[in-house]
Structures are given as C-alpha cells and as structure tokens.
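The numbering used here numbers the first residue of the sequence shown as 50 and each following residue consecutively.
Where is the CB? At the ideal position from N, CA and C, for every residue including glycine.
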Amino acid sequence: MPFLNANGAQLFYRDWGSGRPVVFVTSWALSGSMWQYQMQHLADKGFRAVGYDRRGHGRSDDPGGGYDIDTLADDLAALVEHLDLTDVTLVGHSMGGGEIVRYLTRHGDARVARIVLVGSTLPCLPQLPDNPNGIPAAAREQLLAQLRVDFGGWIDENAGPFFGDGLPGCELPQATRDWTIRDCMSVNLHAAIGCLTANATTDFRPELAKVTVPALILHGDHDASAPLELCGRVTAELLADAELKVYTNAAHALYLTHTERLNADLLDFVRK
C-alpha cells in the first residue's frame, strides 16, 4: 500500500489512473474513500486521481498532533512533492478547502493549475466584528464539549442535515449512509477535535485575496454545515477568478447525493 512520510506522520494515499493529476482533499472526519466515485470517474476519463487520508483519519497515522492548518497544508505539499505532480487540480470538500487555500499561500501555485471547492466552509467560520453571522465562540465550545463525551451520538444526530434528508434528489441507499457514518466514527477523537477547532477558528479571507488560480465552487443551497450565503457565495466574491455553481436541493454531501452532476462539472473544469 502506498504511504509517504509527511511531517512526522505516515500518510496513506490512493493513486489511480494516469494523465493530468487531480488531488482530492477530504472533509472533516472523513477518510479519502469519500471521493471514490469522483476519483474513479476521472481515472476512467484519462486523468490521474490522487486522494489521501488526512493525519488521524483512515489508514494514516495518528501522530497525536499537527492538526493545525499549517501542518495540514504542509502534508498536502508533501504529497504533491512526493509524487512530483505538476499542472495539478486541487479538489477539497468542506474544511479541505481551507487546507488548499493555505497550501497556495504557504507553498505557492507553481504546481497548481486550478482548484475546486465543494461545499467548502471557507471563508470565515468564526463570529468576528466584521463577520457577525459566523459561529459564536460559545456555540463552538458547546459543540466541542458534546464531541468530547458523545462523538458518535453527534455524528448520528447530524447525519440527516448532512445528507439532506427530505430534499428531493438527496435519497441515498441505506448502505451508503451507513458506510459514510462508519467512516466518520472511525476518525479518532483527538484528530476530530483538533481539526474542527483549527478550521472553526481561522479567518481565511485575507488569504483568499492572494489566490489567483481559477476556481470552481460547487455548493448546495441547503447546506447546513456550510451555508451558501455565509460560505460559497462569499468565497466566490473574494477569489480573483471564480465560478460559482449552486446545486438546488443539495446539502453538504452533494458528492454522494449529486454524484453524476458533480462528476460532470469536475470533468468539464479539469479539461480546460
């Protein structure tokens, strides 16, 4: 199995197909297997699809630390450099979008041609004087307190909004839902809390202004985890070269519920 050493952690990665590379960055509390339908689709279409398990997730090491945004971005850089990838498309879901932006501002865009942000939590989750609609610190601490005593219960309680229960077109087989929930619950608690804290306390707005590569933003209009008006739409306005595509009746898990459309949008974009 392919592993690389990145900043003191052994990271597991998948490397399918050949051609121009597309690197997938995962959501919070999910392993790289979340992207399997997108990776297979692009590999079938003549692209090299690369995905990895974030530290503390999936088959990667749990080093007990390094869950800050800088280190996570450095892990992404280590993968890109390990495989000597160029002309890369970076694709991130949820908090993965922040890791991509930090990679670009920390390591530059010499190897990157374009980025795709799917249901991204960018640009600024915390409530701040100039971001009054963000998450209040007290609400964040309440969430973290619940995770510390009932991580599995919180995942189970929030599965419905994640998948978009009740929205037309968001129906999923029970086996797919169960597999996703098991994947979430397999993440160790220390990594989950560290990653959530880092993402939920970071203001990426100054960094977005420095990103110049073309960006495609795919966002559901019923995303409870990353509301469109707080996240996707604002991110599109802050980026120099961005296209926003809004998925009607889609929630946070649009990579699963709207696979066919998302795969087509990805393919069109990476072919440019």
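Integer-rounded CB distance, given that Ile230 should sit under 8 Å from Leu166 = The residue you call residue 166 lines up with position 117 of the sequence shown. The residue you call residue 230 lines up with position 181 of the sequence shown. Contact doesn't hold; Cβ gap of about 24 Å is too wide.
May I ask you to list the residues that DSSP assigns as paired with Tyr296?
-> Counted from its first residue, the sequence shown places residue 296 at position 247. Answer is Gly269.
Counted within 10 angstroms of its Cβ, other Cβ atoms place Pro70 as buried (16 or more) or exposed = Numbered from 1 along the sequence shown, position 21 holds the residue referred to as residue 70. Per the 10 Å Cβ criterion, buried.
Identified DSSP bridge partners for Gln195 = Locating residue 195 in the sequence shown gives position 146, where the first residue counts as 1. None; Gln195 has no bridge partner.
Rounded Cβ spacing between Asp111 and Asn56 (contact assumed at less than 8 Å) = Indexing the sequence shown from 1 puts residue 111 at position 62. Indexing the sequence shown from 1 puts residue 56 at position 7. Not confirmed; about 14 Å, so no contact.
In chain order, what residues of the same chain have a beta carbon less than 7 Å from the beta carbon of Ser76, not counting five sequence neighbours either side?
-> What you label residue 76 is simply residue 27 of the sequence shown in a count that begins at 1. If the five residues before and after Ser76 are omitted, its C-beta is found closer than 7 Å to the C-beta atoms of Met83, His142, Ser143, Met144, Gly145, all from its own chain and listed in chain order.
Provide the residue span of the alpha helix (DSSP H) that contains Pro210, from first to last.
-> For the purposes of this step, residue 210 is taken as residue 161 along the sequence shown, with counting starting at 1. Where Pro210 is concerned, the enclosing alpha helix (DSSP H) stretches over 208 to 212.
For Val18, which of helix, strand or coil comes out of DSSP?
-> Because the chain is modelled from 50 through 321, residue 18 falls outside the range shown and cannot be assessed.
Just confirm the distance between the C-beta atoms of Ala302 and Phe212, as a whole number of angstroms; I'd bet it's less than 8 Å.
-> Here residue 302 corresponds to residue number 253 of the sequence shown, with the count starting at 1. Here residue 212 corresponds to residue number 163 of the sequence shown, with the count starting at 1. Indeed they touch by this definition, with Cβ atoms about 5 Å apart.
Close beta carbons around Arg151, own chain, < 8 Å, minus the five adjacent residues each side = Locating residue 151 in the sequence shown gives position 102, counting from the first residue. Correct list, in chain order: Ile118, Asp119, Leu121, Ala122, Phe253, Glu256.
Hey, quick one: how far does the alpha helix (DSSP H) through Trp228 stretch, first residue to last?
-> For the purposes of this step, residue 228 is taken as residue 179 along the sequence shown, with counting starting at 1. Element bounds for Trp228: 223 to 235.
Cβ-based burial, Thr135 [other Cβ within 10 Å; buried from 16] | What you label residue 135 is simply residue 86 of the sequence shown in a count that begins at 1. Exposed: under 16 other Cβ atoms inside 10 Å.
Beta-carbon contacts of Leu132 that lie in its chain and below 6 Å, excluding the five residues immediately before and after | Along the sequence shown, one-based indexing puts residue 132 at 83. So the list is empty, once near-sequence residues are dropped.
CB contact flag (Gln191, Ile184, <8 Å) | On the sequence shown, position 142 is the one that residue 191 refers to. On the sequence shown, position 135 is the one that residue 184 refers to. No; because the gap between Cβ atoms is not below 8 Å, this pair is not in contact.
Top-ranked residue by Cα proximity to Leu315, from Phe73, Gln59, Ser67, Phe61 = By 1-based counting over the sequence shown, the position of residue 315 is 266. Looking at the Cα atoms, Phe73 is the closest of the given residues.
Return helix, strand or coil for Phe61, following the three-state DSSP convention.
-> Translated into positions along the sequence shown, residue 61 becomes position 12. Residue state, collapsed to three classes: strand.
Opposite Ala264 in the DSSP bridges: which residues?
-> The residue given as residue 264 occupies position 215 in the sequence shown. Residue pairing from DSSP places Ala264 in a beta bridge opposite Ile164, Ala291.
What is the residue span of the beta strand (DSSP E) that Leu53 lies within?
-> As a position in the sequence shown, residue 53 is number 4, starting the count at 1. Where Leu53 is concerned, the enclosing beta strand (DSSP E) stretches over 52 to 55.
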